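With the working numbering applied, the sequence shown corresponds to residues 2 to 355, in that order.
For each residue, glycine too, the CB sits at the ideal point set by N, CA and C.
In this text, all values refer to a predicted model and were calculated from it rather than measured experimentally.
Encoded as structure tokens, the structure appears first; notes follow it.
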Amino acid sequence: MRTDISLLESRILTEQIRMSYKQLHVALLVSLLAALGVTIALAGTLNNQLLIAWYIALLIAGLFRILSVKTIMSDQFDYRVVRKHALYYDLTALLMGSIWGAAAFVFPYIATEYQILLLILLLAIAGGALASNASMVFAYYGYALPILLCLAVQSFLFGTRAWYIIGGVIMVYSIYVVMSGWRLSNSLRESIILRFKWEEMAIDLEEARHGLDEELAERIKAESKLTDVKYELEEAVRHLEHLSAIDALTGISNRRSFDAAIAREWSRARRDRRSIALLMIDVDYFKKYNDIYRHQDGDEALKSVARVINKFTKRPGDLAARYGGEEFVLILSSSSREYVSELAENLRKAVLDL
């Protein structure tokens, strides 16, 4: 858990520095241009070498500030490393703020109009630092507070009523800077944490969806296999039922199938008040035929007789079956006596013609 917290803090701090870095180039350029303007405006009023040294110091501090950010842009997630570079970033902000704040101590040596212009500029620099350092509150404090404190101290050093008021206003403004910077930094931090949580949730949801897709695919595959197995079993059952209802030798219905059919047709005939006929067919002299010829020839004879009998089943309720041995039966549903008599005679003749 500790490792996870360190990783999260490292990511948050890295993102905070990235957000600050996006505004850093513009803010630094504006700051250096403003400093150059101050240097040019005060040239001749103050020691030129001192002004140039001040500007060069500000320029070097700005370069160090950019370098301190670039070292962390390689997505390092070791919290100690990130914290160290963040500290460098805060220190360079403090350095630049201190250099800008030092400009307040030239007030006694410049004309009133320059004092007013420099006061406005330093307040603008301190206030504008919030835009580029809002996500890094201590960098913001390090940049803005030295400027404001130097201005307040210099205002009190003047010893006049007007400057006392200006110094007091600057102190109140400094308190506002601290409070507003803290609130804004916390809001940005919370937004970063919330975004990270949404990203993690999106990743978790994607992984869960992927897992569900795989599970669904496996279930579909398993159901497909079960469907195939079920179909094969049903086919096997139908085949077994067919075999159990068929006489193995002749290929027509057997005694079991006949018993079920006669019960069914008898019940239907009684319900519908229709006639039903049953022919009992016995092959004469079959035993003698079987004794004289081979049993194989006897089996072939029974097959031939069965085929002839089966040809006379022309309606859905009709059934030809081997009753046992050389005995056969023929169920004729909804048949008149004349029809059955004619059919029986035709059947006898067909068997004789074999």
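Margin query: Closest to residue 83 by C-alpha separation, out of 11, 123, 116, would be which residue?
Written below: Start at 1 with the first residue of the sequence shown, and residue 83 comes out as number 82. Among 11, 123, 116, the Cα nearest to that of residue 83 is on 11.
Next item on the list: Hey, could you find the ends of the beta strand (DSSP E) residue 330 is sitting in?
Entry: Indexing the sequence shown from 1 puts residue 330 at position 329. Run containing residue 330: 328-334, per the beta strand (DSSP E) assignment.
Note to self: If I follow the unbroken alpha helix (DSSP H) through residue 290, where does it start and stop?
What the structure shows: Walking along the sequence shown from the start, residue 290 turns up at place 289. Segment 287-293, the alpha helix (DSSP H) holding residue 290.
Next item on the list: On the DSSP bridge assignment, give the partners of residue 283 in chain order.
Entry: In the sequence shown, the residue the question calls residue 283 occupies position 282. Per DSSP, 328.
Note to self: Please report the straight-line C-alpha distance between residue 260 and residue 314, rounded to a whole angstrom.
What the structure shows: Looking up residue 260 in the sequence shown gives position 259. Looking up residue 314 in the sequence shown gives position 313. Using only the alpha carbons, I get a separation of about 17 Å.
Next item on the list: For the alpha helix (DSSP H) containing residue 139, list its first residue and its last residue.
Entry: Counted from its first residue, the sequence shown places residue 139 at position 138. Its alpha helix (DSSP H) spans residues 138-159.
Note to self: Is the separation between the beta-carbon of residue 342 and that of residue 270 shorter than 9 Å?
What the structure shows: Residue numbering aside, residue 342 sits at position 341 when the sequence shown is read from its first letter. Residue numbering aside, residue 270 sits at position 269 when the sequence shown is read from its first letter. No, the pair does not count as a contact, with Cβ atoms beyond the cut-off.
Note to self: From the DSSP secondary-structure annotation, give me the bridge partner or partners of residue 254.
What the structure shows: The residue labelled residue 254 in the question sits at position 253 within the sequence shown. Residue 254 is bridged to 247, 322.
Notebook entry, point to check: In terms of alpha-carbon separation, which member of 322, 349, 85 lies closest to residue 285?
Noted result: Taking the first residue of the sequence shown as 1, we reach residue 285 at position 284. It is 349 whose Cα lies nearest to the Cα of residue 285.
Next item on the list: Mark residue 327 as exposed unless 16 or more other C-beta atoms lie within 10 angstroms of its C-beta, in which case mark it buried.
Entry: Along the sequence shown, one-based indexing puts residue 327 at 326. Under this definition residue 327 is a buried residue.
Next item on the list: Figure out for me which residue from 15, 42, 59, 121 has the closest Cα to the Cα of residue 87.
Entry: One-based indexing of the sequence shown puts residue 87 at position 86. Of 15, 42, 59, 121, the residue nearest in Cα terms is 15.
Check: Is it the case that the Cβ atoms of residue 164 and residue 156 are separated by a distance below 9 Å?
Finding: Against the sequence shown, residue 164 aligns to sequence position 163. Against the sequence shown, residue 156 aligns to sequence position 155. Going by C-beta atoms, residue 164 is nearer than 9 Å to residue 156.
Check: Per DSSP, what kind of secondary structure is residue 355 in: helix, strand or coil?
Finding: Here residue 355 is taken as the residue at index 354 of the sequence shown, counted from 1. Here residue 355 sits in coil by DSSP.
Next item on the list: Have a look at residue 150 and residue 171 and give me their C-alpha separation to the nearest angstrom.
Entry: Taking the first residue of the sequence shown as 1, we reach residue 150 at position 149. Taking the first residue of the sequence shown as 1, we reach residue 171 at position 170. Roughly 8 Å between the two C-alpha positions.
Item checked: Rounded straight-line distance, which links the Cα of residue 203 to that of residue 136 -> As a working note, residue 136 is residue 135 in the sequence shown. As a working note, residue 203 is residue 202 in the sequence shown. Their Cα atoms are separated by approximately 25 Å.
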